[in-house]
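In the numbering used here, the protein residues as written are 39 to 191. Virtual Cβ for every residue (Gly too), placed ideally from N, Cα, C. The structure presented is a predicted model; accordingly, all values stated were derived computationally and were not measured. Accompanying notes for the structure given below.
The following block contains the structure:
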């Protein structure tokens, strides 16, 4: 069984499972949507850049990457955002972000603990994680796998 907890659906699932902390985070996120004055794409890319800067945990990426996928934001724009902040935050944080994004989505990556349960609860086996999934997930897997493979050599 595959449970998709990304985007708005993921926010609701996390809030329900871990209230009141996640409920507060979701409420804060929703409050900033209107106040930022940014379009949805710019806001998501800014949030992803902030997560990279903070070396955020895998679960932290679920809401924003999932929402980006739901809006049809190309993975190349997310990659471009990570590349754009790399000179400021350092290559180690950029590679860590790629790995954490992959782990958050349950992708099997070099240098990660395969036994660790995914925050996204995606059931994928072997070297073809989420092969039946969306093209975005397949591109994400390919990108994060190549970034982490270079980092673990």
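Q) Tell me which same chain residues have a C-beta within less than 7 angstroms of the C-beta of residue 78, skipping the five on either side of it? A) The residue you call residue 78 lines up with position 40 of the chain shown. Counting only Cβ-Cβ distances below 7 angstroms, and skipping sequence neighbours, we find 109.
Q) Can you round the beta-carbon distance between residue 115 and residue 92 to whole angstroms, since I take them to be within the 8 angstroms contact cut? A) As a position in the chain shown, residue 115 is number 77, starting the count at 1. As a position in the chain shown, residue 92 is number 54, starting the count at 1. In this structure residue 115 is not in contact with residue 92, their Cβ atoms being roughly 20 angstroms apart against a cut-off of 8 angstroms.
Q) Do residue 139 and residue 96 have their C-beta atoms within less than 9 angstroms of each other? A) For the purposes of this step, residue 139 is taken as the residue at position 101 of the chain shown. For the purposes of this step, residue 96 is taken as the residue at position 58 of the chain shown. In contact: residue 139 and residue 96 (Cβ atoms closer than 9 angstroms).
Q: Kindly list the residues whose CB is nearer than 6 angstroms to the CB of residue 132, restricted to its own chain and excluding five residues on each side of it in sequence; keep chain order.
A: In the chain shown, the residue the question calls residue 132 occupies position 94. The residues are 120 and 124.
**Q.** Contacts around residue 58, its chain only, beta-carbon distance under 8 angstroms, and the 5 residues preceding and following it disregarded
**A.** Against the chain shown, residue 58 aligns to sequence position 20. Contacts found: none.
Q. Leaving out the 5 sequence neighbours to the left and right, which residues in its chain are closer than 6 angstroms to residue 169 when beta-carbon positions are compared?
A. Counted from its first residue, the chain shown places residue 169 at position 131. Only weak support exists for where residue 169 lies, its pLDDT of 39 falling under 50; the coordinates are left without a value.
Q. Exposed or buried, residue 80, counting other C-beta atoms within 10 Å across all chains shown (16 or more means buried)?
A. Taking the chain shown and counting its residues from 1, one reaches residue 80 at position 42. Counting other Cβ atoms within 10 Å of its Cβ, residue 80 stays below 16 and is therefore classed as exposed.
Q.
Residues in the same chain with beta-carbon distance under 7 angstroms from residue 134, minus the five sequence neighbours each way, listed in chain order, please.
A. Stepping through the chain shown from its first residue, residue 134 is reached at position 96. Scanning its chain for C-beta atoms nearer than 7 angstroms, with the 5 sequence neighbours on each side dropped, one finds around residue 134 the residues 93, in chain order.
Q. What do you get for residue 70, buried or exposed, if any count of 16 or more other CB atoms within 10 angstroms of its CB means buried?
A. The residue you call residue 70 lines up with position 32 of the chain shown. Under this definition residue 70 is an exposed residue.
Q) Looking only at C-alpha atoms, which of 90, 105 and 98 sits nearest to residue 118? A) Mapped onto the chain shown, residue 118 falls at position 80. Of the listed residues, the one whose Cα sits closest to residue 118 is 90.
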